[in-house]
Every structure is written in structure tokens, then in C-alpha cells.
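Chemist:
There are 2 protein chains.
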Amino acid sequence: MKSFTTRLSEQIKKKKSHLCVGLDISPEGLGNKNANLSNLIDHSLKVVDATIDIAVCYKPNLAFFERWGSDGFKWLEKIVGYIGNNSIIIADGKRGDIGNTAQQYAISIFDYFGFDAVTINPYMGSDSIVPFIENPEKGVFILCRTSNPSAKNLQDLRIGQHKVYERVAKLAVNLNKNNNIGLVVGATAPSEIRKIRKIAPKLPFLIPGIGVQGGNLKKSMQYGNDNGIAIINISRGISFAGDMSSFTIKNAAKEYLEEMREIVNG
Amino acid sequence: MKSFTTRLSEQIKKKKSHLCVGLDISPEGLGNKNANLSNLIDHSLKVVDATIDIAVCYKPNLAFFERWGSDGFKWLEKIVGYIGNNSIIIADGKRGDIGNTAQQYAISIFDYFGFDAVTINPYMGSDSIVPFIENPEKGVFILCRTSNPSAKNLQDLRIGQHKVYERVAKLAVNLNKNNNIGLVVGATAPSEIRKIRKIAPKLPFLIPGIGVQGGNLKKSMQYGNDNGIAIINISRGISFAGDMSSFTIKNAAKEYLEEMREIVNG
Chain A
0 MKSFTTRLSE QIKKKKSHLC VGLDISPEGL GNKNANLSNL IDHSLKVVDA
50 TIDIAVCYKP NLAFFERWGS DGFKWLEKIV GYIGNNSIII ADGKRGDIGN
100 TAQQYAISIF DYFGFDAVTI NPYMGSDSIV PFIENPEKGV FILCRTSNPS
150 AKNLQDLRIG QHKVYERVAK LAVNLNKNNN IGLVVGATAP SEIRKIRKIA
200 PKLPFLIPGI GVQGGNLKKS MQYGNDNGIA IINISRGISF AGDMSSFTIK
250 NAAKEYLEEM REIVNG
Chain W
0 MKSFTTRLSE QIKKKKSHLC VGLDISPEGL GNKNANLSNL IDHSLKVVDA
50 TIDIAVCYKP NLAFFERWGS DGFKWLEKIV GYIGNNSIII ADGKRGDIGN
100 TAQQYAISIF DYFGFDAVTI NPYMGSDSIV PFIENPEKGV FILCRTSNPS
150 AKNLQDLRIG QHKVYERVAK LAVNLNKNNN IGLVVGATAP SEIRKIRKIA
200 PKLPFLIPGI GVQGGNLKKS MQYGNDNGIA IINISRGISF AGDMSSFTIK
250 NAAKEYLEEM REIVNG
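As they're listed, the protein sequences go chains A and W.
Residue 129 in numbering that gives the first Met the number 0 is what sits at position 130 of the first sequence, and the numbering runs on without skipping anything.
Residue 102 in numbering that gives the first Met the number 0 is what sits at position 103 of the second sequence, and the numbering runs on without skipping anything.
In C-alpha cells form, the structure reads like this:
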């Protein structure tokens, strides 16, 4: 049985890619406030078709599915099945609850939907993480230093010599008995990525914040892949590129990939 | 237009109750691992019927619905409609994401499902809270000091003179322009409830952790209702009481209510 981190690492090598395609498909993103669910489903499948050869991971953000209630969850079921074993699929749900409830979320995400990994919020501590890491094949990415402007409200608070996000990185390292824990670190905070890599060598990093949010791709790749692996999430920059045709989406994804490869190859 | 906190306060007065009934219905809880979704739906409606006269709030925990995928979300839609305007309904989802995504969760929870309030995780800071508090009629309960043992991992870390959870309480007070923000404080940490009340007078408290988790009802009621209002959540202690008949469930809820009333009346 291979651990999640090993599986991720193998996919990166196989596809020669660090690309994670975020699936955050909304009427607003399509620039059509009247878009219906069927339009969104079609677009999401188009994005998958156009990127499946080069995407190491897909990361559907659950909010964009929940918004449509039970029909949105049918869409989520459909898209997980559609991607299948061709790529690693991360449920971006930022879940976190007491142990009894975290167990239910783990059943939902891993057993029911069949995701490979999930994003987790660490505010409630280790109880809220443990139920997700018992199966070594399934992974978690724990929010550490996020990409949004108000990440600093709590994450950057100083506890003695360290900041809150550094304590989270340390907690993740201590819990990583099954080689299946990674961290979410935002591309908008490159110096923090470097600091976190020192605390958490070998833990995979999921790095969002490139594109609309203004993150730094070069530094994210360099610091993230130093003494560990990093996957770079692009959502809007691929799904809503240019005229949103298959051709444009594929090209946008390829351009990001080429840029990543150039950085890796120095 | 009444703010969420005013609406909650009026319900408490009208029903002479501080009871929030948590809806966390699982096969494990029913003591029947073979229970199917239809059994769970029936039981959840039975719990609502048995408690609707005295429950100020219902708090479905979304994990227990998500676990069943799109069919579970149909159940959630059904139960929100079934409770209707007879009680305040809190989506216990502990959501938290960047602004763009938090907006999608707000659409999901308030517009699509029609919940009155939602629980929010503060780790990502104010951006992740603002989209939920723009409509004064809808409320949020921000996780402050939770009831689980590992709450202390992060929440109790000391930043200068204060702990992380105290900073969260302060953040909530600063954001509360629309009188619709409350805090989640665990019954298992009564001295923290008292401290948080000093930082956040008038903010409603949602207090879980009574029953299986071993929280202190008397202190929770006293400290929570001093200079503000508190609702006390009971989940397993009501839904899975005794033989789980309507009669037993109703009686369990009434017993909790009587105990609360005695404490309030000194």
C-alpha cells in the first residue's frame, strides 16, 4: 500500500507536472449571471478534458457545488467519477470539527465521494485531523499560511519566538506518522513558504493564490520544491481563460506548465 | 428589519427556552449500523416533532448529511423546510474560505437552503467572515473556544497577554456592525466562557459540549447569560435518549429545559 505522499510524488514524476487545476465554476466566473447548472457542468467537464493529460491534481472547491444544493452534489459525484484514477482529486472543503463529526466528514469525502485528499482547517486541533489520516492512502492538506489578505489576522500572531502558522506546521509534522499530511501555503506569502519548508521538510505543499490573487509562481515553485514537493493550484486562470474554449483552456494550462518546468529546470 | 441577534433574543423570550437541538443523526447514533437513509430521515423528523415547541434553535451538523452525498443534501433541504419559521435554524458547517469562496458558501447556506445562521471557522481571518454578515437578518457563530480536548492545541496559545481565542473574540466584536455575530464557546471550558463574556458583552453564545462531552450546564448558563444571551446545544442527549421513542425524546428535551429554567431563575 502506497502512502498519499508517495502517490502524489509518483504522479508528479509521471506527468512531469506540478499543476493542480482548481474547479471553482460559477455563473460569475463564466461571465453569465443567467448560466444554469447544466451550463456549469458542461464547462467543468470541458476543463477536465482540456487538462487531464497535464493535471497532477484536480481540486474542486466544495462551496461551488454546495451552492446548488443536492443537485450541486450530484454534479460533484459526477465530476469525481469523470476524473477517476487519471489524476489525484482533492476535496477543497477546509473541514474541521470535533472527532465524532470529523469521522463523518471522512466517510463523506473518502468513502462516499471517493476523493484522494481533503483540505482541513486546524483551528480545533489534532482531534479534528486524526480521523482523516488513519488511512495512509488518503491525504490531508492542513491550512497553514493561507493566500488571502486577512490570513494575517490570526495566522501571523506571534507566540513567543514563533507565529501561529509555524505552530500549525509543527503540529502537522508531529501528526505525520502515515506519510499522508501536507500543508496549504499561499503563493502570496513566499517568505512564509520558505520558513514553513524549514519546519516541515518532505511534507507536500498545496500552493494556491497564483493568478487573480497575485501570488508569485517562481518563488512558490522554488521554495515549495526545495526539500519536498509542491503542487501549484490554478483555478480561474485556467477555467475562465480568454474565450473559455477548450483550445484556450488547454493553452492556458500548458503555458502555466511550461513556466513551471522552466523554473524546475533552472 | 430585525437583526439576527434581536430575532434570537425574541425567540428565547417567546419560548422561555435556551435550548438548541443538534441534529447529528447517524446509524452509529441509532445503534443500528444497518440503518439506511430513510430510517435516519424518519428519526430526524421525529426529533423535530418532539421538540419544536421548546427548541429555540435547531443545529443540523452538515457532516452528517454530506456523508450521504446528494441524497443527504435532499434530506437537509427537507428538514430545513420542515422546521420552517417555527425555530431558528443554524447550519453547523464551520465554514471558512477566501472571500470569493465564502461568498459561494453564503449563497448556499442563506439563499439556497434558507438557514438563519451558520457556524464559521476564523482561521483565515475577516475576509472569510464578511460575506456571511452583510445581511443583518442572517447570523454567524464564530468558533472561539471549542469544546473538544484538542481545542487547546491552537486556541489556548498565548500571544503576549492574551490567548488566541481571546483575539478571536476581539475580532468578532470589531466586525459586529450589524448585530448578527455570535461565538461558539464550549461548555467544557466554563472559565473561558466567563473570560470571553468580558471581551464580548452582548454577543450571543452558542454553547455545545453538554452530555457526552461532559460540559458544565450550570456554569455555561450562568456565565453565558450574564450580559448577553446563550443557547445551549444538546445533540446526542436528546436525539438518542433512552429507547429513542417520541415520548422519551420529548421528555429528555423537557428535562434539559427545566434544568435551564431553574438555573435562570436562580
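Here a beta-carbon is modelled for each residue, glycine too, at the ideal position from N, C-alpha and C.
Only a predicted model underlies this, so the values are computations on that prediction, with no experimental measurement involved.
Between A:GLU254, A:GLY210, A:LYS73, A:ILE180, which has its C-alpha nearest SER37 (chain A)'s C-alpha?
Modeler: It is A:LYS73.
Chemist: So, with DSSP's three-state summary, where would you put LYS58 (chain W)?
Modeler: Reduced to three states, the DSSP call for LYS58 (chain W) is strand.
Chemist: Indicate whether ILE195 (chain A) and GLN221 (chain A) have their beta-carbon atoms separated by less than 8 Å.
Modeler: For ILE195 (chain A) and GLN221 (chain A), no; Cβs fall outside 8 Å.
Chemist: Give the DSSP bridge partners of PHE204 (chain W), in chain order.
Modeler: For PHE204 (chain W), which the question treats as bridged, DSSP gives the partners W:LEU182, W:ALA229.
Chemist: Can you give me the start and stop residues for the alpha helix (DSSP H) that VAL263 (chain W) sits inside?
Modeler: Per DSSP, VAL263 (chain W) belongs to the alpha helix (DSSP H) from 245-263.
Chemist: Does the segment 125-145 of chain W come close enough to the segment 157-173 of chain A to have 3 or more Cβ pairs within less than 8 Å?
Modeler: Judged by Cβ distances under 8 Å, the segment 125-145 of chain W makes no contact with the segment 157-173 of chain A, as fewer than three pairs qualify.
Chemist: At 7 Å on the CB atoms, spell out the chain W contacts of GLN160 (chain A), in chain order.
Modeler: The contacting residues do not exist; GLN160 (chain A) stays about 12 Å from chain W at best.
Chemist: Excluding the 5 residues preceding and the 5 following ASP91 (chain W) in the sequence, name in chain order all residues of the same chain whose CB lies nearer than 6 Å to its CB.
Modeler: Excluding residues within five positions, the ones whose Cβ falls inside 6 Å are LYS58, ASN60, THR118.
Chemist: Measure the beta-carbon distance from LEU153 (chain A) to ARG144 (chain W) and round it to whole angstroms, keeping in mind my assumption that it falls under 8 Å.
Modeler: That belief does not hold up - the Cβ atoms of LEU153 (chain A) and ARG144 (chain W) are roughly 14 Å apart, past 8 Å.
Chemist: What number of angstroms, rounded off, separates the C-alpha of ILE192 (chain W) from the C-alpha of GLN10 (chain A)?
Modeler: Taking the straight line joining both Cα atoms gives about 48 Å.
Chemist: On the DSSP letters alone, give me the boundaries of the beta strand (DSSP E) that ASP48 (chain W) sits inside.
Modeler: Premise fails: ASP48 (chain W) lies in the alpha helix (DSSP H), 36-50, not in any beta strand (DSSP E).
Chemist: Along chain A, which residues have their Cβ under 9 Å away from the Cβ of MET123 (chain W)?
Modeler: Per Cβ cutoff of 9 Å: LYS93, ASN120, LEU142, THR145, ASN147, SER149, ALA150, ASN152, LEU153, GLN154.
Chemist: Tell me the residue span of the alpha helix (DSSP H) that contains ALA168 (chain W).
Modeler: That run of the alpha helix (DSSP H) goes 163-174.
Chemist: Mind reading off the beta-carbon distance from SER149 (chain W) to GLY124 (chain A)? Whole number of angstroms is fine, and I expect it under 8 Å.
Modeler: At roughly 3 Å, the Cβ-Cβ gap stays under 8 Å, so SER149 (chain W) and GLY124 (chain A) are in contact.
Chemist: Buried or exposed: which applies to PHE246 (chain W), given that a residue is buried once 16 or more other Cβ atoms fall within 10 Å of its Cβ?
Modeler: With fewer than 16 other Cβ atoms within 10 Å, it is exposed.
Chemist: Over the uninterrupted beta strand (DSSP E) stretch that includes ASP276 (chain A), give me the two end residues.
Modeler: Absent from the structure is residue 276 (chain A), since the part of chain A shown begins at 0 and ends at 265.
Chemist: Does GLY214 (chain A) pass the burial test, meaning 16 or more other C-beta atoms within 10 Å, or should it be called exposed?
Modeler: Counting Cβ neighbours within 10 Å, GLY214 (chain A) comes out buried, since at least 16 surround it.
Chemist: Per the DSSP calculation, ARG144 (chain W) is bridged to which residue(s)?
Modeler: DSSP lists W:VAL184 as partners of ARG144 (chain W).
Chemist: So ALA62 (chain A) packs on CYS19 (chain A), CB below 8 Å; how close in whole Å?
Modeler: Actually they do not touch by this definition, with Cβ atoms about 17 Å apart.
Chemist: Taking only three categories from DSSP, how would you classify VAL211 (chain A)?
Modeler: Here VAL211 (chain A) sits in coil by DSSP.
Chemist: Between ARG66 (chain W) and chain A, is the shortest Cβ-Cβ distance under 8 Å, so that the two count as touching?
Modeler: So yes, ARG66 (chain W) belongs to the interface.
Chemist: Taking only the alpha-carbon atoms, compute the straight-line gap between ILE89 (chain A) and GLY181 (chain A) and give it to the nearest angstrom.
Modeler: For ILE89 (chain A) and GLY181 (chain A), the distance between alpha carbons rounds to 12 Å.
Chemist: Which residue marks the beginning of the beta strand (DSSP E) containing LEU22 (chain W), and which one marks its end?
Modeler: Counting along the chain, the beta strand (DSSP E) containing LEU22 (chain W) begins and ends at 18-22.
Chemist: Output the distance between the C-alpha atoms of LYS45 (chain A) and GLU65 (chain A), rounded to the nearest integer angstrom.
Modeler: Whole-angstrom Cα-Cα distance: 20 Å.
Chemist: Here's the rule: buried if 16 or more other CB atoms are within 10 angstroms of the residue's CB, otherwise exposed. What is VAL139 (chain W)?
Modeler: The residue in question, VAL139 (chain W), is buried, as its Cβ has 16 or more Cβ neighbours within 10 Å.
Chemist: Determine the DSSP secondary structure at ALA193 (chain W), reduced to helix, strand or coil.
Modeler: Strictly speaking, residue 193 (chain W) in this sequence is Arg, with Ala absent from that position. Note: ARG193 (chain W) maps to helix in three-state DSSP.
Chemist: Determine, for THR100 (chain W), whether the minimum Cβ-Cβ distance to residues of chain A falls below 8 Å.
Modeler: Yes, THR100 (chain W) lies at the interface with chain A (some Cβ there is under 8 Å from its Cβ).
Chemist: Given a limit of 7 Å on CB to CB distance, which residues of the segment 27-50 of chain W reach chain A?
Modeler: Cβ contacts with chain A: none found.
Chemist: If I follow the unbroken beta strand (DSSP E) through ILE119 (chain A), where does it start and stop?
Modeler: It spans 116-119 - the beta strand (DSSP E) in which ILE119 (chain A) sits, taken as one unbroken run.
Chemist: DSSP state of ILE158 (chain W), grouped into three classes?
Modeler: Strand, per DSSP.
Chemist: Looking at the C-beta of LYS286 (chain W), does it have a partner C-beta in chain A at a distance below 8 Å?
Modeler: Because chain W in this structure spans residues 0 to 265, residue 286 (chain W) falls outside the shown range and cannot be described.
Chemist: Any beta carbon from chain W within less than 8 Å of GLU76 (chain A)'s own beta carbon?
Modeler: With 8 Å as the cut-off, GLU76 (chain A) counts as an interface residue toward chain W.
Chemist: Determine the contact status of LEU205 (chain W) and VAL172 (chain W), defining contact as a CB-CB distance below 8 Å.
Modeler: No, Cβ-Cβ distance for LEU205 (chain W) and VAL172 (chain W) is not below 8 Å.
Chemist: Would you kindly report the start and end of the unbroken alpha helix (DSSP H) that includes VAL101 (chain W)?
Modeler: The identity of residue 101 (chain W) in the sequence shown is Ala, whereas the question assumes Val. Here the alpha helix (DSSP H) through ALA101 (chain W) covers 98-105.
Chemist: With 8 Å as the threshold, decide whether the Cβ of ASP126 (chain W) is near any Cβ in chain A.
Modeler: It does; some Cβ of chain A falls within 8 Å.
Chemist: In chain A, what lies closer than 7 Å to ALA62 (chain W) by C-beta?
Modeler: Simply ASP96, THR100, GLN103, TYR104, SER107.
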